[in-house]
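Asks:
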Amino acid sequence: MVSNNTLAGLIVVAIVVSLASVITTVNLASRLPMALTGGVTGVTQVTVATEITISLPINTVDFGTMYVNDVDDTTDGSPHAFVIQNDGSVKVNVTVNATQLWSGTGATGTSSYYQFKSECNETGCVTDEATDLVSSWTNMPIDSAAVKVVDRLDFVDSKDAANVHIKITVPSDEPAGAKSSTVTFTSVAA
Amino acid sequence: MVSSKVLATLVVVLVAISLIGAFLLAVLPGIPVAPAVATASGTVNLYVPPQPYSTGGMVSVVVLP
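These protein sequence lines map, in sequence, to chains L and F. With the numbering used here applied, the first sequence corresponds to residues 15 to 204, in that order. With the numbering used here applied, the second sequence corresponds to residues 9 to 73, in that order.
1) Classify L:L24 as buried or exposed, calling it buried when 16 or more other Cβ atoms lie within 10 Å of its own Cβ.
2) Note down, in chain order, every chain F residue with its Cβ under 9 Å from the Cβ of L:I98.
3) Does the Cβ of F:P57 have 16 or more other Cβ atoms within 10 Å, making it buried, or fewer, making it exposed?
4) Could you check what DSSP says for L:F169 in three-state terms: helix, strand or coil?
5) Could you tell me whether any Cβ in chain L is nearer than 7 Å to the Cβ of F:P73?
6) Just checking: is the beta-carbon of L:F130 within a distance shorter than 7 Å of some beta-carbon in chain F?
7) Please classify F:L27: is it buried, with 16 or more other beta-carbons within 10 angstroms of its beta-carbon, or exposed?
8) Would a check of beta-carbon distances place F:G29 closer than 7 Å to chain L?
9) Considering only their Cβ atoms, is the gap separating L:E136 from L:K173 smaller than 7 Å?
10) F:A34 versus chain L: which residues are under 7 Å apart at the beta carbon?
11) Look at the Cβ atom of L:A28, then the Cβ atom of F:L22, and state whether they are nearer than 7 Å.
12) Consider the Cβ of F:S26: report whether some Cβ of chain C lies at a distance smaller than 7 Å.
13) Can you find the residues in the same chain that come closer than 6 Å, C-beta to C-beta, to F:L54, ignoring five residues on each side of it along the sequence?
14) Could you say which of F:M9, F:V52, F:A16 lies nearest to L:Q114 if we only look at CA atoms?
15) Can you tell me the Cβ-Cβ gap for L:T109 and L:A63, rounded? I've got them flagged as a contact below 8 Å.
16) Going along the region 114–147 of chain L in order, which residues come within less than 7 Å of chain F, judged by CB to CB distance?
17) Does the distance from the C-beta atom of L:D101 to that of L:T67 stay below 7 Å?
18) What did DSSP end up calling L:D86 once you bin it into helix, strand or coil?
19) Counting along the chain, where does the beta strand (DSSP E) carrying L:D76 start and finish?
20) Measure the C-alpha to C-alpha separation of L:Q99 and L:I182 and round it to an integer number of angstroms.
21) Using a cut-off of 7 Å between C-beta atoms, extract the partners of F:M9 located in chain L.
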């Protein structure tokens, strides 16, 4: 049989724990940008949360008409490269992969027939251009794991955009018709 | 020895505090959690026209004197 003293002790412990929980909850509430009671205060606190958002101001690369064995890329501005922009509040690492573009022999998967590289669209877009960009043509991953295209892309508006160049070579036995590939850029906090 | 009346009072206090805590939890908005990953998609397009196709042969003629 549990005595009243023991019960009282347990209840007091429970009360202490409950009070601690309530105090913690109220403290948490006070940090949020809202008022629970309508009390008047002269200070407004705003917390800028970490936000990871990217966009593609130029999201289509159209090479127009090309014949078999033709080679073209975007480094001459025609067509323009993808422009990827960091719209968030932290630097991000960006990776890329794409769906299949070609059906010709040797070009259906990841191959030199479809390549990319990156450069700053705005000066100082990354922390270190030598290591954060992909400066040489790299085979585009086709329906496989994404690979690095830009690391530590800045979020400051004056330097938050990078170009992703595309280079394609039409396979010698590519069937005639319209060709299209969806390129997906994925970003995570750097 | 603690009386049953004191025990009952303590229990009522405990229940009241728990109810207040539950109420606060219910009215507080969830802490916003930003997505850890963002994606954007673009397209690469082109058109490969049918190839002009040609081949050649040779016609030979020998004119006898």
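Note that the Cβ used here is the ideal one computed from N, Cα and C, for glycine as well. Because the structure is a prediction, the values reported are computed rather than measured.
Replies: This is what the structure gives:
1) exposed
2) A48, G50
3) It counts as exposed.
4) coil
5) no
6) no
7) exposed
8) yes
9) yes
10) Ordered by position in chain L, no residue passes the 7 Å Cβ test against F:A34, which lies about 11 Å from the chain.
11) yes
12) No chain C is present in this structure, whose protein chains are L and F.
13) Same-chain partners within the cutoff: there are none.
14) F:V52
15) About 23 Å; that fails the 8 Å criterion.
16) L115
17) L:T67 sits close to L:D101, with the two beta carbons spaced by under 7 Å.
18) Under the three-state reduction of DSSP, L:D86 is assigned to strand.
19) Looking at the DSSP string, the run of the beta strand (DSSP E) that includes L:D76 is 74–79.
20) Looking at the two C-alpha atoms, the distance is approximately 23 Å.
21) One finds N18, N19 in chain L with Cβ atoms closer than 7 Å to the Cβ of F:M9, taken in chain order.
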